[in-house]
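Below is one structure, written out as structure tokens; comments come after it.
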Amino acid sequence: MFSLLHARTSIARSLSFSTRHVPGATVLLRTARPWICPGRSQADASQRAYSAKAAGAPKRKPSPSAIRVADKLLEKGAPKPEKDFAEFTELELREWQVETMEALDMPATEYQLAQAKAMIADGAPNGDQVRDDVTFREMRVWLSKAKAAVRPPSFLHSHACWRAEQCHAPIWDTC
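Counting from 1 along the sequence shown, just add 496 to a position and that's the residue number in the numbering used here.
Have a look at this one:
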């Protein structure tokens, strides 16, 4: 007899085998949705399956536009890093840019200002704190607080699985 659990297991197995041939692919196998049941961890080590190629894959190099932004920061007085920007990974370069913009008390970027104006139009709280002369760091803090306040209610609180007696039942029995 064909069961739903058998179908989920076979789909997960086929996904884990098919990603072996894709460089840099990573698959996270889960037998249940842990974000619905509050007592469970995200995924145990036994539930994870990583491709060996993904672990040893080279990190992404920075884009030319990210390197141009870093060069502009150097022109504005940022300290020169130990290595060339082309030797950074994308993540390392982004972290360097953020740290530098916060350290130099640079003004907020146009993207941050546009994002803040759009969020204020959608009803974000404390919109009076947003000015054109706000620093990058102040705007970054305001945006993170506004995103947290505007975020829609979590699926977790409205779901029937929130009750403790149903927490460890299979998900298709609680819905």
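Virtual Cβ for every residue (Gly too), placed ideally from N, Cα, C.
Quick caveat, the model's predicted, so the values are computed rather than measured.
Pick from THR631, PHE632, ARG633, TRP638: whose alpha carbon is nearest that of ASP624?
-> TRP638
Chain-order list of residues whose beta-carbon lies under 7 angstroms from that of ARG633 (same chain, five-residue window excluded) = Taken in chain order, the residues that qualify are GLU598.
Please say whether ALA562 and GLU591 have beta carbons closer to each other than 8 angstroms?
-> With contacts defined by Cβ atoms closer than 8 angstroms, GLU591 and ALA562 do not form a contacting pair.
Note down, in chain order, each residue of its chain lying with its Cβ closer than 8 angstroms to the Cβ of LYS572, except the 5 sequence neighbours on either side.
-> LEU600, MET602
Segment limits, alpha helix (DSSP H) that includes GLU578 | Segment: none, GLU578 is in no alpha helix (DSSP H) and carries neither H nor E.
Supposed close pair ALA582, ALA620 - CB separation, criterion 8 angstroms | With a Cβ gap of about 38 angstroms, ALA582 and ALA620 do not count as contacting.
Give the C-beta separation of GLN593 and LEU569 to the nearest angstrom, bearing in mind that I take them to be a contact with Cβ-Cβ under 8 angstroms.
-> The Cβ separation is near 7 angstroms, so the contact holds.
Alpha-carbon to alpha-carbon, VAL630 and ASP567 = 23 angstroms
PRO603 in three-state terms, based on DSSP = strand
C-alpha gap between MET497 and ARG636, whole angstroms | Its pLDDT being 48, under 50, MET497 is placed unreliably in this model, and the value from its coordinates should be taken loosely. Near 55 angstroms, if we compare the C-alpha coordinates of ARG636 and MET497.
Proximity to LYS557 [Cα-Cα], best of GLU606, LEU589, ARG647 = LEU589
Could you spell out where the alpha helix (DSSP H) holding SER640 opens and where it closes?
-> 632–646
Starting from VAL626, follow the alpha helix (DSSP H) in both directions and report where the run begins and ends.
-> No alpha helix (DSSP H) contains VAL626, which DSSP labels as neither H nor E.
Proximity of ALA574 and THR605 at Cβ, strictly below 8 angstroms | no
Using the beta-carbon count (16 or more within 10 Å), is ALA614 buried or exposed?
-> exposed
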